[in-house]
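Reviewing the structure listed below.
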Amino acid sequence: MKIGASGQRWLTGFHLLSACLWVGGAITITIKQFLIGAADGRELYGTLAMMDFIDMYIIIPGAMGCLLTGLLYSTMTPWGWFRHRWITVKWIICCYGVIVGTYPLGPWLAEMVAIADRAGLGAFADPVYRHNRTMLMILGTVQTGTLVFACFVSALKPWRNRRAAA
1 MKIGASGQRW LTGFHLLSAC LWVGGAITIT IKQFLIGAAD GRELYGTLAM
51 MDFIDMYIII PGAMGCLLTG LLYSTMTPWG WFRHRWITVK WIICCYGVIV
101 GTYPLGPWLA EMVAIADRAG LGAFADPVYR HNRTMLMILG TVQTGTLVFA
151 CFVSALKPWR NRRAAA
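Shown next, in the form of structure tokens:
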């Protein structure tokens, strides 16, 4: 089943909205994690709880929206699944982003919130908190970079059609 031009424009709108949520939330958390300078334990907890809120209610819906609209694009429009290399690259980035965000990144952040709630500023001395923060800084920044890259891939549509190249 294929959708018409009007349906494809609506799909594009929802895909762009989802991408804005996912990328915007990721950029926000990435920048914020480098600027944590809490004066007391409640401020640390509040900052981390805000980052967790962004993850749960902005990033996750955005990522799921991108995944769902991407599936619809691939099945209901002429773009297909692997017709162009840039689509394949976007699928790899999307799947990578959903998996890495779901398994290590989200749980690391949630655990940091719990430690800060329990220990206040003492969280900075907790080895689990320090590990999670370091890993979020590294892997979260890489994740955000790949999402920004996907935006440029989507806008520029580089690489030739796979069928034309063969």
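All residue numbers in the sequence shown are consecutive under my numbering, ending with 166. Yeah, the Cβ is synthetic: ideal placement off N, Cα and C, and Gly gets one too. Just so you know, these numbers come straight off a predicted model, no measurement behind them.
So residue i and residue j are in contact, right, with Cβ under 8 Å, and what is the actual spacing, rounded?
i: ALA5; j: ILE59; result: Not quite, the Cβ-Cβ distance comes to about 31 Å (not below 8 Å), so this is no contact.
i: THR69; j: PHE14; result: 5 Å
i: THR195; j: THR47; result: Residue 195 lies beyond the stretch modelled for the chain, which goes from 1 to 166, so this question has no answer here.
Would you decide whether residue i is buried or exposed? Buried here means 16 or more other CB atoms lie within 10 Å of its CB.
i: PHE149; result: exposed
i: ALA166; result: Note on ALA166: pLDDT 44, under 50, position unreliable in the model; the coordinate value appears next. ALA166 is exposed by the Cβ-count criterion.
i: CYS95; result: exposed
i: HIS131; result: exposed
i: ALA125; result: exposed
i: GLY80; result: exposed
i: TRP108; result: buried
i: LEU71; result: exposed
i: VAL113; result: buried
i: TYR73; result: buried
i: LEU147; result: buried
i: ARG42; result: exposed
Can residue i and residue j be called in contact, C-beta distance under 8 Å?
i: GLN143; j: GLY97; result: yes
i: MET137; j: GLN8; result: no
i: TRP91; j: ALA63; result: no
i: THR75; j: ILE54; result: no
i: LEU121; j: LEU44; result: yes
i: PRO104; j: LEU139; result: yes
i: GLU111; j: VAL100; result: no
Please state whether DSSP places residue i in a helix, a strand or coil.
i: ALA38; result: coil
i: TRP79; result: coil
i: LYS90; result: helix
i: LYS2; result: coil
i: ASP126; result: coil
i: THR146; result: helix
i: CYS151; result: helix
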